[in-house]
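Data first, discussion second: the structure below is written as structure tokens.
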Amino acid sequence: MTITLWRRLLAEFTGTALLVTAVVGSGIMASTLSPTDVGLQLLENSIATALALGALILIFGPVSGAHFNPVVSAADWFLGRRAGTGLTVRHLAGYLPAQILGAIAGSVLANLMFDLAAVDLSGKERTGGHLWLGEVVATAGLVLLVFALARSGRATAAPAAVGAYIGAAYWFTSSTSFANPAVTVGRAFTDTFAGIAPASVPGFVVAQLVGLAVGTGLLLALHPDAGLAADRVVVPTEGHDRAPDHRS
3 MTITLWRRLL
13 AEFTGTALLV
23 TAVVGSGIMA
33 STLSPTDVGL
43 QLLENSIATA
53 LALGALILIF
63 GPVSGAHFNP
73 VVSAADWFLG
83 RRAGTGLTVR
93 HLAGYLPAQI
103 LGAIAGSVLA
113 NLMFDLAAVD
123 LSGKERTGGH
133 LWLGEVVATA
143 GLVLLVFALA
153 RSGRATAAPA
163 AVGAYIGAAY
173 WFTSSTSFAN
183 PAVTVGRAFT
193 DTFAGIAPAS
203 VPGFVVAQLV
213 GLAVGTGLLL
223 ALHPDAGLAA
233 DRVVVPTEGH
243 DRAPDHRS
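In terms of this note's numbering, the sequence shown opens at residue 3 and continues consecutively.
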């Protein structure tokens, strides 16, 4: 079955929106239930995020690959472009805005569910070299994980593995592992536990792009033929309307 581009974009938009809703909503709930214990808040937030991410990959993976992340989509295009696998330029140009708009919609939805203003820009500053380094590490590790699973024929383990990695990275990175430019932008639209001040977004996004480069470089050193498996990231899709003449 060929999956048309609009269906893939709808899956990326909806999946990213629900992911951010889970991140922001669980953060609000954690702050409400455990107002004096930041460690417990982070635990509640990370568990909910990890479980939701795994479930969302299972739901949307067969349609779009469940990238939900411009870093994953960009790596998929870059690694697969010469082998004729992965995303085409046309798909990449659609995935990126779908993910960013979905992330913003997810924050708005979470705000509304908890009876907050639909849009309330965050005042939580997250800046500093140590946080940016944390984002480089988190993003590079995510790229390595996703493509190593695909290259080794274990993409079906992605829902559990990616959810577990992100849940763990909440704790072992100083930045609490955003590892996703779209999610970073979306989280600027909520002044809650998971928020990030708009002025802090560019630094995080740059660090994530550095992580993309580091992760891709390490992946190619370990698996030079990783691009051959780009069609199996994050979850194998059932086919799509590939247009090779749009690839560059």
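The beta carbon of each residue, even a glycine, is placed where N, CA and C say it ideally should be. Please read these numbers as outputs of a predicted model, since none were measured by experiment.
Using the Cβ count rule (16 or more neighbours within 10 Å means buried), how would you classify residue i?
i	result
F1	The question about residue 1 has no answer, for the chain in this structure spans 3 to 250.
E127	exposed
M115	exposed
P183	buried
L21	buried
D39	exposed
D117	exposed
L224	exposed
P226	exposed
V42	Note that residue 42 corresponds to Leu in the displayed sequence, not to Val. L42 is exposed by the Cβ-count criterion.
T4	exposed
H242	Because the pLDDT of H242 is 49, which lies under 50, any placement of that residue in the model is unreliable, and the number read from its coordinates should be weighed accordingly. Buried, by the Cβ-count rule.
P204	exposed
F174	exposed
W79	buried
Given a cut-off of 7 Å on the beta-carbon distance, is the pair residue i and residue j in contact?
i	j	result
R234	A157	yes
G56	G165	yes
A228	L81	yes
A105	G27	no
V139	G217	no
L151	A142	no
R17	L53	Sequence check: residue 17 is Gly here, not Arg. No.
S177	E137	yes
G67	V236	yes
Q210	V73	yes
S124	G213	no
V65	R153	no
Measure how close the beta-carbons of residue i and residue j come, nearest whole angstrom, since I'm counting them as under 8 Å.
i	j	result
A252	A85	The question about residue 252 has no answer, for the chain in this structure spans 3 to 250.
T23	G108	4 Å
L94	S75	6 Å
F206	F180	6 Å
S48	Y172	4 Å
T192	D122	6 Å
Once DSSP output is grouped into helix, strand and coil, what is the label at residue i?
i	result
H248	Caution applies to H248, whose pLDDT of 35 falls short of 50 and renders its modelled position unreliable; the value that the coordinates give is listed next. Of the three classes helix, strand and coil, the one that applies to H248 here is helix, per DSSP.
### Segments of 3+ residues assigned as beta strand (DSSP E) that fall wholly inside the region 30 to 89
none
### Message
Ignoring anything shorter than 4 residues, give me the alpha helix (DSSP H) runs that lie fully in the region 150 to 219, in order along the chain.
### Response
160 to 174 and 183 to 188
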